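Engineer: Just so it is clear: in the sequence shown, position 158 is 157 by my numbering, and no numbers are missing.
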Amino acid sequence: QKLNDLKNLVGNQDAVLIADPQGRIIFSKNSGIQLVPASVLKIFTALVAFHYLGPEYRFATEFYKDQDSNLTVKGYGDPLLISETLVEIANSIILKFNTKFKNINNLVLDNSYFKAPVLIPGVTSSYEPYDAPNGALCVNFNTVNFERDQNGSYVSAETQTPLLPFVLSKITESAKDHGRIILSPKKNEVTLYAGHLLLYFLKKEGIRSNGIIKIGRVQKEFDKLIFRYLSRFSLKQIVSKLLEYSNNFLANQLLIATGAKVYGPPGTLDKGLRAALTYAKDNLKINNVTVVEGSGISRKNRISAKSLCKILKIFEPYHSLMRRSGKAFYKTGTLTGINTRAGYVKNTQGELYRFVVLLNTPGKSAKAIMNILLHDLD
């Protein structure tokens with residue numbers, strides 16, 4: 000059997016585990032050792048969110064108005080508040096105002112549902128999108144996509160998003176000609192940017208603002224809820240995007256929001272991790288796992304192939320949310336010196352084999368192992 004050829008491809012710092020559709024282990028090497036999973040950890044994070052929130056869960060964002068015409072926005076960690084969504088929100092808000100009244104005073108931003116700043120192990124203060132910070136009220140993944148026009152001026156690289164003066168100095172600082180930069184968790188920059196972008200779209204709908212954009216809290220005794228926006232994306236759709244684009248920001252937003260749901264606000268990374276590890280222990284009977292954040296960016300995350308195989312068993316009903324290549328549904332993971340892959344292979348009867356490949360030997364690729372695996376499983 001070709002699978003035996005795998006033995007020579009698996010080093011001391013690597014692990015491979017394959018289970019047939021009935022759950023029998025048909026290949027195993029080093030499956031009990033704790034290794035760095037990189038982004039395949041996102042499968043576990045998705046499962047944790049499904050368990051506590053439910054696949055049809057939708058994130059909410061609330062809008063309040065007081066007697067002085069201040070508009071307060073309260074975020075609950077929606078990871079997919081994007082420009083198109085803000086247009087939708089602005090349209091809905093205009094309908095909530097009577098025709099005579101199209102002025103607001105201050106735009107108040109309430110980001111208190113997550114405790115700020117959220118510090119994620121493994122994330123650095125680079126300008127790279129994979130280092131984007133988390134928060135309760137964020138837009139466009141806390142990134143700004145820009146380029147230069149023919150005159151050399153900075154412009155937005157997305158037709159649906161304006162390039163706001165608020166971010167120009169940040170772009171200049173980055174010394175980049177084009178691409179994406181991330182906003183900083185410091186000085187409430189991510190939340191304030193969300194406010195500036197929302198106000199831009201409100202003004203486009205004809206709402207004028209006479210005040211300022213500031214951080215604050217909903218005052219339940221003075222503020223009246225005028226609109227509750229429910230995301231057009233269900234959690235299932237969000238997870239599909241998470242697994243397709245392997246977005247680190249998305250993964251940790253889900254984990255922190257889950258922690259807030261289980262243990263009450265404010266959401267913190269610790270609460271999310273506690274929820275995740277409790278689920279692992281009580282529901283999956285996994286005790287020996289080290290998870291320090293939900294995206295896989297940290298090298299301190301450690302899990303065995305055996306534990307990941309258990310996770311894949313429970314994730315089976317959602318396998319079609321993963322990236323597909325031929326008969327394989329999978330998630331990849333890459334950090335310097337780390338190459339991982341986990342998922343399913345569908346045989347001709349439509350049954351699913353589960354596989355986990357964790358390579359922690361620098362320079363090693365999962366390609367040769369996957370070739371044997373795909374050739375042999377049918």
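A virtual CB, placed ideally from N, CA and C, is assigned to each residue, including glycine. Small disclaimer: the values here were computed from a predicted structure and weren't measured.
Does the region 45–65 come close enough to the region 243–263 to have 3 or more Cβ pairs within less than 8 Å?
Structural biologist: As far as the Cβ criterion goes, the region 45–65 touches the region 243–263, which means the pair count is three or higher.
Engineer: Need the endpoints of the beta strand (DSSP E) that residue 281 sits in, please.
Structural biologist: Careful: residue 281 lies outside any beta strand (DSSP E), inside the alpha helix (DSSP H) at 268–281.
Engineer: Compare the C-alpha of residue 303 against each of 323, 158, 354 and 235 and name the closest.
Structural biologist: For residue 303, the nearest C-alpha among the options comes from 354.
Engineer: When you compare only the Cα positions, how much space is there between residue 107 and residue 288?
Structural biologist: Cα to Cα, the separation comes out at about 41 Å.
Engineer: Just to check my reading of the structure: residue 363 and residue 338 have Cβ atoms closer than 8 Å, yes? What is that Cβ distance to the nearest angstrom?
Structural biologist: Residue 363 to residue 338, Cβ: 6 Å. Contact.
Engineer: Please find out if some non-hydrogen atom of the ligand MG comes closer than 6 Å to the beta-carbon of residue 319.
Structural biologist: The ligand content of the structure shown is nil, which means the ligand MG is not present either.
Engineer: Per DSSP, which residues does residue 301 bridge with? Please list them.
Structural biologist: In DSSP, residue 301 forms a bridge with 289.
Engineer: Could you give the residue range of the alpha helix (DSSP H) that holds residue 357?
Structural biologist: Where residue 357 is concerned, there is no enclosing alpha helix (DSSP H), although the beta strand (DSSP E) it sits in stretches over 351–358.
Engineer: Who are the Cβ neighbours of residue 6 in its own chain at under 7 Å, not counting the five residues just before and after it?
Structural biologist: Within the same chain, residue 6 has close Cβ partners 28.
Engineer: Among the candidates 181, 223 and 371, whose CA atom is the shortest distance from the CA of residue 68?
Structural biologist: Comparing Cα positions, the closest option is 223.
Engineer: Assess contact between the region 163–180 and the region 134–144, defined as three or more Cβ pairs (one per stretch) separated by less than 8 Å. Is contact present?
Structural biologist: With the cut-off at 8 Å, the region 163–180 and the region 134–144 touch.
Engineer: Which value, in whole angstroms, describes the spacing of the CA atoms of residue 111 and residue 216?
Structural biologist: Each residue's alpha carbon lies about 7 Å from the other.
Engineer: As an exercise, report each continuous alpha helix (DSSP H) stretch of at least 4 residues that is fully enclosed by the region 205–251, in chain order.
Structural biologist: Runs found: 234–244.
Engineer: CA-CA distance, residue 89 and residue 375?
Structural biologist: Each residue's Cα considered, the two are about 54 Å apart.
Engineer: Consult DSSP for residue 327 and reduce its assignment to one of helix, strand or coil.
Structural biologist: Strand, per DSSP.
Engineer: Is residue 54 closer than 7 Å to residue 132 when the C-beta atoms are compared?
Structural biologist: Not a contact, by the Cβ cut-off of 7 Å.
Engineer: What separation, rounded to the nearest whole angstrom, lies between the Cα atoms of residue 30 and residue 335?
Structural biologist: Each residue's alpha carbon lies about 22 Å from the other.
Engineer: Given that a residue counts as buried once 16 or more other Cβ atoms are within 10 Å of its Cβ, and exposed if not, what is residue 231?
Structural biologist: Under this definition residue 231 is an exposed residue.
Engineer: In whole angstroms, what is the alpha-carbon distance linking residue 193 and residue 62?
Structural biologist: Computed Cα separation, rounded: 14 Å.
Engineer: Going by beta-carbon coordinates alone, are residue 350 and residue 20 separated by less than 7 Å?
Structural biologist: Yes, they are a contact pair.
Engineer: My understanding is that residue 38 touches residue 245, with C-beta atoms under 8 Å, so please give their C-beta distance in whole angstroms.
Structural biologist: Sure, about 5 Å apart at Cβ, within 8 Å.
Engineer: Beta-carbon within less than 6 Å of residue 318's beta-carbon, same chain only, minus the 5 sequence neighbours each way: which residues are those?
Structural biologist: Contacts found: 328 and 343.
Engineer: For residue 292, count the other beta carbons within 10 Å of its own beta carbon; 16 or more makes it buried, fewer makes it exposed. Which is it?
Structural biologist: Answer is buried; the Cβ neighbour count reaches 16.
Engineer: Could you check which residue in 10, 76, 91 and 36 has the C-alpha nearest to that of residue 203?
Structural biologist: The shortest C-alpha separation from residue 203 is found at 91.
Engineer: How big is the Cα-Cα spacing for residue 298 and residue 121?
Structural biologist: Roughly 7 Å between the two C-alpha positions.
Engineer: In three-state DSSP terms, what is residue 4?
Structural biologist: Residue state, collapsed to three classes: helix.
Engineer: What did DSSP end up calling residue 151 once you bin it into helix, strand or coil?
Structural biologist: Of the three classes helix, strand and coil, the one that applies to residue 151 here is coil, per DSSP.
Engineer: Excluding the 5 residues flanking residue 101 on each side, which residues of the same chain have their C-beta closer than 7 Å to its C-beta?
Structural biologist: Answer for residue 101: 205, 206 and 207, listed in chain order.
Engineer: Can you give the beta carbon distance from residue 321 to residue 241, rounded, assuming they're within the 8 Å contact cut?
Structural biologist: In fact, because the Cβ distance is near 10 Å, the residues do not count as touching under 8 Å.
Engineer: Excluding the 5 residues flanking residue 190 on each side, which residues of the same chain have their C-beta closer than 7 Å to its C-beta?
Structural biologist: Contacts found: 108, 110, 134, 136 and 214.
Engineer: Where do the ends of the alpha helix (DSSP H) carrying residue 43 lie?
Structural biologist: Per DSSP, residue 43 belongs to the alpha helix (DSSP H) from 40–52.
Engineer: Pick from 366, 59 and 195: whose alpha carbon is nearest that of residue 77?
Structural biologist: With distances taken between Cα atoms, residue 77 lies closest to 59.
Engineer: Quick check on this structure: which residue in 195, 13 and 66 has the alpha carbon closest to the alpha carbon of residue 218?
Structural biologist: Measuring from the Cα of residue 218, the nearest candidate turns out to be 66.
Engineer: Secondary structure at residue 158, three-state DSSP: helix, strand or coil?
Structural biologist: DSSP places residue 158 in coil when its eight states are reduced to three.
Engineer: If you draw a straight line from the C-alpha of residue 370 to the C-alpha of residue 43, how long is it?
Structural biologist: Looking at the two C-alpha atoms, the distance is approximately 25 Å.
Engineer: Cβ of residue 248 within 7 Å of Cβ of residue 85?
Structural biologist: Not in contact: residue 248 and residue 85 (Cβ atoms no closer than 7 Å).
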